[in-house]
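Asker: Per UniProt numbering, the sequence shown starts with residue 1, numbered consecutively.
Dropping a structure here in structure tokens format, bear with me for questions.
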Amino acid sequence: MNPYILAILLFGLGLGTTITFASSHWLLAWMGLEMNTLAIIPLMAQHHHPRAVEATTKYFLTQATAAAMLLFASVTNAWLSGQWDIQQMTHPLPITIITLALALKIGLAPVHAWLPEVLQGLDLTVGLILSTWQKLAPFALILQINPTNSTILIILGLTSTLVGGWGGLNQTQLRKILAYSSIAHLGWMILVLQFSPSLTLLTLLTYFVMTFSTFLVFKLNKATTINTLATSWTKAPLLTSLTPLILLSLGGLPPLTGFMPKWLILQELAKQDLALTATVAALSALLSLYFYLRLSYAMTLTMSPNNLSGTTPWRLSSTQLTLPLAISTTMAICLLPLTPAATALLAP
Numbered sequence: 001m002n003p004y005i006l007a008i009l010l011f012g013l014g015l016g017t018t019i020t021f022a023s024s025h026w027l028l029a030w031m032g033l034e035m036n037t038l039a040i041i042p043l044m045a046q047h048h049h050p051r052a053v054e055a056t057t058k059y060f061l062t063q064a065t066a067a068a069m070l071l072f073a074s075v076t077n078a079w080l081s082g083q084w085d086i087q088q089m090t091h092p093l094p095i096t097i098i099t100l101a102l103a104l105k106i107g108l109a110p111v112h113a114w115l116p117e118v119l120q121g122l123d124l125t126v127g128l129i130l131s132t133w134q135k136l137a138p139f140a141l142i143l144q145i146n147p148t149n150s151t152i153l154i155i156l157g158l159t160s161t162l163v164g165g166w167g168g169l170n171q172t173q174l175r176k177i178l179a180y181s182s183i184a185h186l187g188w189m190i191l192v193l194q195f196s197p198s199l200t201l202l203t204l205l206t207y208f209v210m211t212f213s214t215f216l217v218f219k220l221n222k223a224t225t226i227n228t229l230a231t232s233w234t235k236a237p238l239l240t241s242l243t244p245l246i247l248l249s250l251g252g253l254p255p256l257t258g259f260m261p262k263w264l265i266l267q268e269l270a271k272q273d274l275a276l277t278a279t280v281a282a283l284s285a286l287l288s289l290y291f292y293l294r295l296s297y298a299m300t301l302t303m304s305p306n307n308l309s310g311t312t313p314w315r316l317s318s319t320q321l322t323l324p325l326a327i328s329t330t331m332a333i334c335l336l337p338l339t340p341a342a343t344a345l346l347a348p
């Protein structure tokens with residue numbers, strides 16, 4: 001892609017998210033979300049591959065549906081209450097519709113079906129943008145409306161953690177596994193949203209760091225399926241030995257960074273007398289952990305077949321920058337001791 005066009009599209013992505021961040025009026029927030037969608041579509045379809053075009057079309061249709069729902073709900077809110085302010089939502093009907101529209105935008109279960117399909121059709125770089133940056137603007141709106149309908153949030157959260165766990169079990173494609181991992185993590189964030197918005201933000205940031213690191217590892221190895229991971233030890237042996245730690249951090253095992261948000265969320269749910277919800281969430285984390293372990297096993301404990309297609313990639317050195325990977329991997333593995341500092345910073 002032409003670097004000038006790429007720069008304009010990335011600027012559009014940033015501007016759309018910033019407009020949504022800065023807006024207190026529903027129309028402006030909707031405009032920011034639309035700019036975001038329109039800026040990423042050419043990035044998604046840049047390879048002119050039928051699979052990429054299909055993924056782009058699916059993405060466009062779901063985002064357009066969610067944006068239409070959002071606009072409809074904000075007009076309904078203006079009609080019922082006479083105001084467009086985001087933080088002054090009082091009527092339960094528009095709040096519920098907007099919560100569902102934003103859930104569709106970020107891919108929460110049960111409106112998640114588009115996310116694995118879309119992510120599977122993209123290359124890893126655009127997939128990374130979709131899994132991280134594109135979640136920011138809708139999350140800013142969810143945090144601002146602070147939905148009063150607590151039941152719907154807990155249902156969305158629990159369904160997402162369970163679907164994110166079950167869905168990834170039988171997958172062999174890495175991008176689909178990462179999509180289900182994303183659904184499960186978003187479920188954890190939504191579960192605790194109404195009790196501690198700052199904890200949701202902390203979970204979002206740690207999820208970004210871990211996902212960034214995972215995508216960069218797969219990009220360095222040019223891996224798109226579990227089988228391709230088996231050849232990675234010859235390309236980057238040190239990185240291959242660190243990758244299981246990143247994956248287990250995504251799964252939420254102590255003493256890695258990913259344990260911090262899960263621990264704090266379970267603690268918060270227990271404080272709110274939601275012991276059953278916390279138990280279901282913790283058990284669903286085991287499902288996710290299974291497929292992270294499966295990836296770790298394929299990567300470190302299996303030998304790749306020594307045929308021609310297996311040996312060719314070994315001789316091709318990667319041109320990818322390794323500094324972002326080094327920083328994000330260190331953060332994805334080592335940040336657990338900073339838990340008290342993180343909670344103090346995000347305390348309301």
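Quick reminder that beta carbons are idealized off the backbone N, C-alpha and C, glycines included.
With a Cβ-Cβ cutoff of 8 Å, do V192 and T200 count as a contact?
Answerer: In contact: V192 and T200 (Cβ atoms closer than 8 Å).
Asker: Spell out the partners DSSP gives Q173 in its beta bridges.
Answerer: The partner list for Q173 (beta bridge, DSSP) reads T225.
Asker: Measuring straight from C-alpha to C-alpha, what distance separates S23 and I8?
Answerer: When rounded, the distance between both Cα atoms is 22 Å.
Asker: Alpha carbon to alpha carbon, how far is L162 from P110? Give it in angstroms, no decimals.
Answerer: Rounded to whole angstroms, P110 to L162 spans 10 Å at the Cα level.
Asker: By Cβ distance below 7 Å, which residues in the same chain neighbour S318 in space, the five residues on each side in sequence not counted?
Answerer: Result list for S318: L220, in chain order.
Asker: Apply the 10 Å Cβ neighbour rule to L122 and answer buried if 16 or more other Cβ atoms are within range, or exposed otherwise.
Answerer: That one is buried.
Asker: Measuring CB to CB, does I95 end up less than 8 Å from P147?
Answerer: In contact: I95 and P147 (Cβ atoms closer than 8 Å).
Asker: If you follow the alpha helix (DSSP H) that P116 is in, where does it begin and where does it stop?
Answerer: Element bounds for P116: W114 to Q120.
Asker: Rounded to whole angstroms, what's the CA-CA distance from residue 349 to P50? Just pull it up for me.
Answerer: There is simply no residue 349 to check, as the chain begins at 1 and stops at 348 in what is shown.
Asker: Could you tell me which residues DSSP puts in a beta bridge with D85?
Answerer: According to DSSP, D85 bridges with H25.
Asker: By alpha-carbon positions, which one of A179, A347, P197 and I190 ends up nearest to T214?
Answerer: When each option's Cα is compared against that of T214, the closest is A179.
Asker: If you compare alpha carbons, which of L28, A140 and M1 is closest to T44?
Answerer: For clarity, residue 44 is Met in the given sequence; the question names Thr instead. For M44, the nearest C-alpha among the options comes from M1.
Asker: Of all the options G16, L256, T90 and K262, which has the alpha carbon lying nearest to the alpha carbon of K135?
Answerer: Residue G16 is the option with its Cα nearest to K135.
Asker: Please report the straight-line C-alpha distance between Q120 and I98, rounded to a whole angstrom.
Answerer: Spanning the two alpha carbons is a distance of roughly 27 Å.
Asker: Can you tell which of A113, T206, W133 and S198 has the C-alpha that lies nearest to the C-alpha of G167?
Answerer: For the residues A113, T206, W133 and S198, the minimum Cα distance to G167 belongs to A113.
Asker: So, under 8 Å CB-CB, G258 and L289 are touching, yes? Tell me the CB distance rounded to an integer number of Å.
Answerer: About 10 Å; that fails the 8 Å criterion.
Asker: Alpha helix (DSSP H) containing V209: first to last residue?
Answerer: It spans P197 to L220 - the alpha helix (DSSP H) in which V209 sits, taken as one unbroken run.
Asker: Beta-carbon separation of P116 and T203 under 8 Å?
Answerer: Not a contact, by the Cβ cut-off of 8 Å.
Asker: Please work out which residues of its chain come closer than 6 Å, Cβ to Cβ, to T62, disregarding the five sequence neighbours upstream and downstream, and give them in chain order.
Answerer: Correct list, in chain order: W114.
Asker: With distances taken from CA atoms, which of L70, G157, M31 and P324 is nearest I145?
Answerer: When only C-alpha atoms are compared, the closest one is L70.
Asker: With DSSP as the reference, label H185 as helix, strand or coil.
Answerer: The answer is helix: DSSP assigns H185 an H, G or I state.
Asker: Which of the three DSSP states, helix, strand or coil, is assigned to L162?
Answerer: Helix at L162.
Asker: Counting C-beta neighbours from all protein chains within 10 Å, is the total for L130 16 or more, i.e. buried, or is it exposed?
Answerer: Under this definition L130 is a buried residue.
Asker: Between W233, T277 and P3, which lies nearest to M303 when the distance is taken from Cα to Cα?
Answerer: The shortest C-alpha separation from M303 is found at W233.
Asker: Under three-state DSSP, which class holds T99?
Answerer: Three-state result, T99: helix.
Asker: Cα-Cα, which of F212, P340, M35 and F195 is closest to S328?
Answerer: The candidate whose alpha carbon is nearest that of S328 is F212.
Asker: Between which two residues does the alpha helix (DSSP H) carrying T302 extend?
Answerer: Here T302 belongs to no alpha helix (DSSP H), and DSSP marks it neither H nor E.
Asker: Starting from S318, trace the alpha helix (DSSP H) in both directions and tell me its first and last residue.
Answerer: That residue, S318, is in no alpha helix (DSSP H); it is neither H nor E in DSSP.
Asker: Nearest to F72 by alpha carbon, out of Q46, A103 and L27?
Answerer: Comparing Cα positions, the closest option is L27.
Asker: Would T243 be called buried (16 or more neighbouring beta carbons within 10 Å of its own) or exposed?
Answerer: T243 comes out buried.
Asker: Rounded to a whole number of angstroms, what is the C-alpha to C-alpha distance between K58 and V118?
Answerer: Their backbone Cα atoms lie some 7 Å apart in a straight line.
Asker: Work out the CA separation of A347 and I106 for me, nearest whole Å.
Answerer: Cα-Cα distance, rounded: 25 Å.
Asker: Roughly how many whole angstroms lie between the Cα atoms of G14 and L269?
Answerer: Approximately 34 Å, taken between the alpha carbons.
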